[in-house]
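Asks: Counting from 1, one number per residue, gives the positions in the sequence shown under our numbering. Positions of the beta carbon are idealized from the N, C-alpha and C atoms, including for glycine. Please find one structure pasted underneath; my questions will follow.
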Amino acid sequence: MPLSVAILGAGSWGTALAIHLTLKELPVTLWARSPEKAQKIRREKMNRHYLPDVILPASLNITSDLSKAVKNASVVVLAVPSQAVRSLCRACCPLLSPETIVVNTAKGFEEKSLLRLTQVMAAEASGTLQERLAVLSGPSHAEEVARRLPTAVVVAAKHKDIAEKIQDLFMDSVLRVYTNPDVIGVELGGALKNVIALATGISDGLGFGDNTRAALMTRGLAEIARLG
Numbered sequence: 001m002p003l004s005v006a007i008l009g010a011g012s013w014g015t016a017l018a019i020h021l022t023l024k025e026l027p028v029t030l031w032a033r034s035p036e037k038a039q040k041i042r043r044e045k046m047n048r049h050y051l052p053d054v055i056l057p058a059s060l061n062i063t064s065d066l067s068k069a070v071k072n073a074s075v076v077v078l079a080v081p082s083q084a085v086r087s088l089c090r091a092c093c094p095l096l097s098p099e100t101i102v103v104n105t106a107k108g109f110e111e112k113s114l115l116r117l118t119q120v121m122a123a124e125a126s127g128t129l130q131e132r133l134a135v136l137s138g139p140s141h142a143e144e145v146a147r148r149l150p151t152a153v154v155v156a157a158k159h160k161d162i163a164e165k166i167q168d169l170f171m172d173s174v175l176r177v178y179t180n181p182d183v184i185g186v187e188l189g190g191a192l193k194n195v196i197a198l199a200t201g202i203s204d205g206l207g208f209g210d211n212t213r214a215a216l217m218t219r220g221l222a223e224i225a226r227l228g
């Protein structure tokens, strides 16, 4: 029996992952916080605000009812901004089976606590659910995943079997998924690369050349590697 998946967050990344998994003929529910947004996506058969011109598969379920979205879900994917992870976990974790796997896709830290997001998730989960957390990260643009362009990502989890289940869930001919036991390193890399991306964008805006861009990227990677 295929795993059933709830994608919580109907932004660009949540929608792209929902499309990807639905095209693998998995039962997928996409949750939008706003009832109006969920209704609009259902009516238009697309998420026009984030992924215009990408038609949603007919079999994709869309709801704004959180309890309905996660009911009987084998895997719950959090696809919300980092500052919404705690409140969403607080709302959904009591509704989950102890056997559910929870996967975070946001990149960053919690603003006030500076905790990594799997730490936030663990604080809001309980029992065996704390051992069934994973993070999905990597150099990936949502619109390219939605359009089925080749992409590679990494899934990290404390337990190898959890990482491998998520790898099998997402992997297909266009989305390559690697596993990694280094949850901390994957989370730090996903968050800190944004700092380097901003610096590189500023460099481009100032009219600096390829040498400056290359220096920022290579030295930035070295700094991230030392931290992680």
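Report the rounded CA-to-CA distance for Thr200 versus Phe109, giving the unit in angstroms.
Replies: One C-alpha to the other measures close to 21 Å.
Asks: Could you work out which residue in Leu60, Glu124, Pro94 and Val75 is closest to Glu164 when comparing CA atoms only?
Replies: It is Val75.
Asks: Rounded to the nearest angstrom, what separates Leu175 and Val154 at their Cα positions?
Replies: The straight-line gap from Cα to Cα measures roughly 10 Å.
Asks: Using C-beta distances below 8 Å, list every residue in its chain close to Asp53, excluding the 5 sequence neighbours before and after it, in chain order.
Replies: Result list for Asp53: Met46, in chain order.
Asks: Closer than 8 Å by C-beta to Leu149: which residues in its own chain qualify, once you throw out the five before and the five after it? Chain order, please.
Replies: The answer, listed in chain order, is Val174.
Asks: Between Ala125 and Ile101, how many whole angstroms is the CB-CB distance? I'm expecting something under 8 Å.
Replies: Rounded, the Cβ-Cβ distance is 11 Å, inconsistent with contact.
Asks: How many Å lie between Pro140 and Asn211 at the Cα?
Replies: According to the sequence provided, residue 140 is Ser. The question's Pro does not apply to it. Cα to Cα, the separation comes out at about 24 Å.
Asks: Please confirm whether Pro52 has its beta-carbon closer than 9 Å to some beta-carbon of chain B.
Replies: Of the chains in the structure shown, none is chain B; there is only one protein chain.
Asks: Tell me whether the beta-carbon of Phe39 lies closer than 9 Å to the beta-carbon of Ser64.
Replies: Residue identity differs from the one stated: residue 39 is Gln in this sequence, not Phe. Closer than 9 Å, so yes.
Asks: Cα-Cα, which of Gly205, Phe170, Ala197 and Arg219 is closest to Val77?
Replies: Closest option to Val77, Cα to Cα, is Phe170.
Asks: Could you check if His49 is buried or exposed, using at least 16 other CB atoms within 10 Å of its CB as the buried criterion?
Replies: Looking at its Cβ environment, which holds fewer than 16 other Cβ atoms inside 10 Å, His49 is exposed.
Asks: Mind pulling the alpha helix (DSSP H) runs of 4 or more residues that sit fully within the region 145-192?
Replies: Runs found: 160-170.
Asks: Using 8 Å for Cβ pairs, my map puts Ser137 next to Gly185. What's the rounded Cβ distance?
Replies: Not really, about 10 Å apart at Cβ, beyond 8 Å.
Asks: Starting from the N-terminal side, write out each stretch of the alpha helix (DSSP H) that is 4 residues or longer and does not extend beyond the region 35-89.
Replies: Fully enclosed alpha helix (DSSP H) runs of 4 or longer: 35-44 and 66-70.
Asks: Can you tell me the Cβ-Cβ gap for Leu129 and Cys93, rounded? I've got them flagged as a contact below 8 Å.
Replies: Contact flag correct, Cβ pair sits at about 6 Å.
Asks: Cutting at 7 Å between CB atoms, please list the residues of its own chain near Val70, excluding the five before and the five after it.
Replies: So the list reads Ala6, Val76, Cys92, Leu95 and Leu96, once near-sequence residues are dropped.
Asks: Going by C-alpha to C-alpha distance, which of Leu88, Trp31, Gly9 and Met121 sits closest to Val183?
Replies: Cα-wise, what sits closest to Val183 is Met121.
Asks: Consider the C-beta atom of Ala191 and the heavy atoms of the ligand ZN; say whether any pair is separated by less than 8 Å.
Replies: Of ligands this structure carries none, so the ligand ZN is not represented either.
Asks: Alpha carbon to alpha carbon, how far is Ala146 from Glu223? Give it in angstroms, no decimals.
Replies: So the two alpha carbons sit approximately 32 Å from each other.
Asks: Here's the rule: buried if 16 or more other CB atoms are within 10 angstroms of the residue's CB, otherwise exposed. What is Gly166?
Replies: Going by the sequence as given, residue 166 is Ile instead of Gly. By the neighbour-count rule (16 or more Cβ atoms within 10 Å), Ile166 is buried.
Asks: Relative to the C-alpha of Ser82, which candidate in Val177, Glu144, His159 and Val103 has its C-alpha closest?
Replies: Among Val177, Glu144, His159 and Val103, the Cα nearest to that of Ser82 is on Val103.
Asks: Please say whether Ala84 and Gly14 have beta carbons closer to each other than 9 Å?
Replies: No, the pair does not count as a contact, with Cβ atoms beyond the cut-off.
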